[in-house]
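Keeping their order, the protein sequence lines are chains A and B. Quick note on my numbering: the first sequence kicks off at 1 and runs consecutively. Quick note on my numbering: the second sequence kicks off at 1 and runs consecutively. We put the CB at the ideal spot given by N, CA and C, even for glycine.
2 protein chains.
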Amino acid sequence: MADFFDVVLSQRAYRALRPDPVSDDLIAQILNAAVHAPSGENSQPWVFVVLTDRAARQQLADLVRAAWDGGVREFARQHLSERFFAGVERWATVGFGDTPVQIVVCGDTTACNESLLPSSIFPATQNLLLAAQALGLGSLLSTLPLLAGQQVIDLLGLPPHIRPMGVVSLGWPARPLKKPTRMPFAAKTFRNRYGNPW
Amino acid sequence: MADFFDVVLSQRAYRALRPDPVSDDLIAQILNAAVHAPSGENSQPWVFVVLTDRAARQQLADLVRAAWDGGVREFARQHLSERFFAGVERWATVGFGDTPVQIVVCGDTTACNESLLPSSIFPATQNLLLAAQALGLGSLLSTLPLLAGQQVIDLLGLPPHIRPMGVVSLGWPARPLKKPTRMPFAAKTFRNRYGNPW
């Protein structure tokens with residue numbers, strides 16, 4: 001049993017994951033949490049492609065690496081701190097390929113109005129990340145792999161109505177991470193009207 | 001203490017809420033959960049405008065009602081089931097105005113690349129909804145109020161770089177709801193490639 005607020009307040013983005021496999025039973029618990037998210041008009045427009053096979057993961061990793069080398073690195077270097085950049089670089093070039101589970105989270109454009117996809121798909125994705133944290137797994141949501149564009153779509157065999165929206169990397173943490181630090185909510189919150197302090 | 005999976009697997013969209021107030025302390029716990037979500041490049045681009053004042057809530061409710069009457073009703077009637085439509089109609093015309101707390105969730109376009117806003121704002125919003133559930137409150141995420149467009153922006157005094165992305169209604173449930181039913185995750189999940197059953 002994991003306390004709800006403990007899980008939510010300790011969630012971290014894990015870019016350093018061990019290559020050890022994750023059981024189908026744990027993946028199932030995580031996906032079951034994901035599909036219990038709310039969605040626009042309860043349309044449940046999510047689709048998950050779960051890559052556990054080594055060859056499939058390596059092919060996706062090769063696309064991520066090519067996108068990184070092909071321009072994403074320079075873009076990231078310009079606007080990330082040195083330390084943050086180093087972590088992303090390790091993940092994009094080595095860590096991603098070693099990660100035992102990649103879950104490509106997609107939206108089905110035939111399930112609802114397309115304008116409802118983000119507010120439906122990302123709550124489900126957050127359930128997925130939190131469930132991983134609750135089970136002791138590390139996870140990371142990234143949209144970077146989607147910069148490889150059509151090549152990712154072809155690799156996964158996605159039909160035109162299934163739109164990839166994010167990739168969740170999942171595995172056992174290489175090392176524990178401390179609780180995250182955040183700007184306090186009061187610095188981001190106004191009462192009744194923008195500009196009035198909370 | 002609330003068990004994580006209990007909370008996640010019981011979350012419901014509550015359209016019937018009591019008008020009784022919700023304490024600032026509970027709202028603070030919920031917003032603190034929200035800001036612990038992950039965000040693109042840890043940019044934390046969320047902004048919350050929390051409407052607790054009766055006049056402010058009524059003004060927003062009037063805009064929602066006008067948008068409903070001005071075309072959203074007909075659109076909704078065409079593609080929602082009769083029962084679902086009836087619930088939304090009650091909420092848009094009466095329930096919304098009686099709700100004690102409305103939280104307008106916004107994205108700050110100066111905090112990160114705009115393409116990262118949905119994958120940052122909606123995970124935080126899901127934390128917000130789950131935290132409400134963990135505390136025994138009912139909540140609802142809707143993008144319908146944003147159909148009132150510029151009038152909502154003017155009412156809240158939002159500057160151009162603060163984009164409203166969703167509205168969370170918050171209050172004590174008028175009646176308890178059973179656990180949600182969902183399509184099983186396996187019906188939405190493929191292994192390694194689209195089309196291969198999980």
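From the DSSP output, which residues share a beta bridge with residue i?
i	result
cysteine 112 (chain A)	Paired residue(s): none; cysteine 112 (chain A) is not in a bridge.
valine 167 (chain B)	B:Val104, B:Ser142
isoleucine 162 (chain B)	B:Asp108
phenylalanine 190 (chain B)	A:Val49, B:Pro197
proline 184 (chain B)	None; proline 184 (chain B) has no bridge partner.
proline 173 (chain A)	A:Leu17
Leaving out five residues on either side along the sequence, give the residues of the same chain with a beta carbon under 6 Å from the beta carbon of residue i.
i	result
arginine 77 (chain A)	Phe85
glycine 166 (chain B)	Val105, Thr125, Leu141, Thr143
alanine 33 (chain B)	Asn127, Ala131
glycine 70 (chain B)	none
serine 10 (chain A)	Lys179
aspartate 98 (chain B)	Pro19
Roughly how many angstroms separate the alpha carbons of residue i and residue j, rounded to a whole number?
i	j	result
tyrosine 194 (chain B)	threonine 125 (chain A)	18 Å
proline 175 (chain A)	leucine 141 (chain A)	First, the residue type needs correcting, since residue 175 (chain A) is arginine and not proline in the sequence shown. The alpha-carbon atoms of arginine 175 (chain A) and leucine 141 (chain A) are separated by roughly 18 Å.
proline 100 (chain A)	arginine 90 (chain A)	16 Å
proline 159 (chain A)	alanine 148 (chain B)	34 Å
valine 152 (chain B)	glycine 40 (chain B)	26 Å
serine 119 (chain A)	cysteine 112 (chain A)	11 Å
phenylalanine 96 (chain B)	threonine 109 (chain A)	29 Å
tyrosine 87 (chain A)	aspartate 24 (chain A)	Going by the sequence as given, residue 87 (chain A) is glycine instead of tyrosine. Taking the straight line joining both Cα atoms gives about 28 Å.
proline 180 (chain B)	glutamate 82 (chain A)	45 Å
alanine 37 (chain B)	glycine 107 (chain B)	14 Å
asparagine 196 (chain B)	leucine 128 (chain A)	21 Å
proline 19 (chain B)	glutamine 29 (chain A)	36 Å
serine 139 (chain B)	asparagine 42 (chain A)	15 Å
glutamate 114 (chain B)	histidine 161 (chain B)	10 Å
valine 22 (chain B)	tryptophan 46 (chain A)	33 Å
serine 169 (chain B)	leucine 155 (chain B)	17 Å
proline 173 (chain B)	arginine 15 (chain B)	9 Å
arginine 57 (chain A)	glutamine 102 (chain A)	7 Å
leucine 116 (chain A)	valine 7 (chain B)	24 Å
alanine 187 (chain A)	tryptophan 198 (chain A)	8 Å
glutamate 74 (chain A)	leucine 80 (chain A)	10 Å
proline 164 (chain B)	leucine 137 (chain B)	23 Å
leucine 177 (chain B)	alanine 2 (chain B)	17 Å
aspartate 62 (chain B)	valine 94 (chain B)	10 Å
If the criterion is Cβ atoms closer than 8 Å, does the pair residue i and residue j meet it?
i	j	result
leucine 26 (chain A)	phenylalanine 48 (chain A)	no
valine 35 (chain B)	arginine 12 (chain A)	no
threonine 189 (chain B)	arginine 191 (chain A)	no
phenylalanine 4 (chain B)	alanine 134 (chain A)	yes
glycine 171 (chain A)	leucine 17 (chain A)	yes
So, for residue i: in the same chain, excluding its five sequence neighbours on each side, which residues have a beta-carbon less than 7 Å away from its beta-carbon?
i	result
alanine 92 (chain A)	Val64, Arg65, Trp68, Leu144
valine 50 (chain B)	Ile27, Val101, Ile103
Give every residue of the same chain whose Cβ lies closer than 8 Å to the Cβ of residue i, excluding the five residues on either side of it in the sequence, and list them in chain order.
i	result
glutamine 59 (chain B)	Leu155
proline 123 (chain B)	Ala37, Pro38, Ser39
> Which ranges would you report for the alpha helix (DSSP H) in the segment 2-55 of chain B if only whole runs of at least 4 residues count?
Replying inline: If one requires a minimum length of 4 residues, the alpha helix (DSSP H) runs lying completely within the segment 2-55 of chain B are 4-10, 24-34, in chain order.
>> Runs of 3 residues minimum, wholly inside the segment 98-148 of chain A: which ones carry the beta strand (DSSP E) assignment?
In response: The qualifying runs are 101-108, 138-142.
> Considering only residues of the segment 57-94 of chain B, which uninterrupted alpha helix (DSSP H) runs meet the minimum length of 4 residues and lie entirely inside it, listed in chain order?
Replying inline: If you keep only unbroken alpha helix (DSSP H) runs of at least 4 residues inside the segment 57-94 of chain B, you get 73-79, 82-90.
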